[in-house]
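Counting from 1 along the sequence shown, just add 3 to a position and that's the residue number in this note's numbering.
A virtual CB, placed ideally from N, CA and C, is assigned to each residue, including glycine.
The structure appears right after this line, and notes come after that.
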Amino acid sequence: MEVLNAIGRRKAAVARVYLKKGKGAIMVNGRKMEDYFTTKHIQNKVKHPISLIEDASEYDYNINVDGGGFRGQAEAVQLGIARVLVKLNEDNKPVLKAHKMMTRDARVVERKKYGKPKARKSFQFSKR
Numbered sequence: 004m005e006v007l008n009a010i011g012r013r014k015a016a017v018a019r020v021y022l023k024k025g026k027g028a029i030m031v032n033g034r035k036m037e038d039y040f041t042t043k044h045i046q047n048k049v050k051h052p053i054s055l056i057e058d059a060s061e062y063d064y065n066i067n068v069d070g071g072g073f074r075g076q077a078e079a080v081q082l083g084i085a086r087v088l089v090k091l092n093e094d095n096k097p098v099l100k101a102h103k104m105m106t107r108d109a110r111v112v113e114r115k116k117y118g119k120p121k122a123r124k125s126f127q128f129s130k131r
C-alpha cells in the first residue's frame, strides 16, 4: 500500500498527516503523540477520529504540525486524520461527518486596527 496524505488546518496551525500500514503508532514531529500533546483531553481529541473507525488502528500516522498553539495544532491534526481516513475509504465519511470532524473551523483572530490597542478595544475616553 502506498502512503496516503492529507492536510488539516485550524487558526494558524497546519498539520500534514501521512498514513501507512503499520501497528497504530501516532508520531507527531518525530515524537510519540503522548510526548508531544501532554494533556489527556488533547490526546483524546487527536485520537477521536481513529476511535470511530474500526480498522483505523491498523495504520501508522506520521504527522508534521507547525504554527499556532497546542490546542489549534491538536484540532488541525484531528481534521487531517479525518481527511486521510476518508481518502483511505469513502465509507468512513458519514461517520466522521456525523461527529463534525470533516468541517474546517474557519474562525481566526481578528486583525488589529489602527488607532486602537487591539481589534475592537478602544483607549479610555473621558470627557471633562
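Three-state secondary structure (DSSP) of Val6: coil
Cβ-Cβ separation, Val68 to Ala16 (assumed contact under 8 Å), whole Å: 6 Å
Residue(s) in a DSSP beta bridge with Val17: Arg12, Asp69
Proximity winner among Ala122, Ala77, Lys115, relative to Arg12 (alpha-carbon distances): Ala77
Inter-stretch contact (C-beta, 8 Å, three-pair minimum) for the segment 34-45 and the segment 106-122: no
Span separating the alpha-carbon of Lys24 from that of Ser125: 55 Å
Sequence-distant residues of the same chain with beta carbon closer than 8 Å to Leu99, five excluded per side: Pro52, Leu55, Ile56, Ala85, Leu88, Val89, Met105
Contact belief for Tyr21 with Asn92 at Cβ below 8 Å, rounded distance in angstroms: Actually they do not touch by this definition, with Cβ atoms about 17 Å apart.
Spatial distance of Gln46 from Glu5 (CA atoms): 27 Å
Where Gln127 falls, given that 16 or more other Cβ within 10 Å makes a residue buried: exposed
Start-to-end residues for the beta strand (DSSP E) that takes in Met30: 29-31
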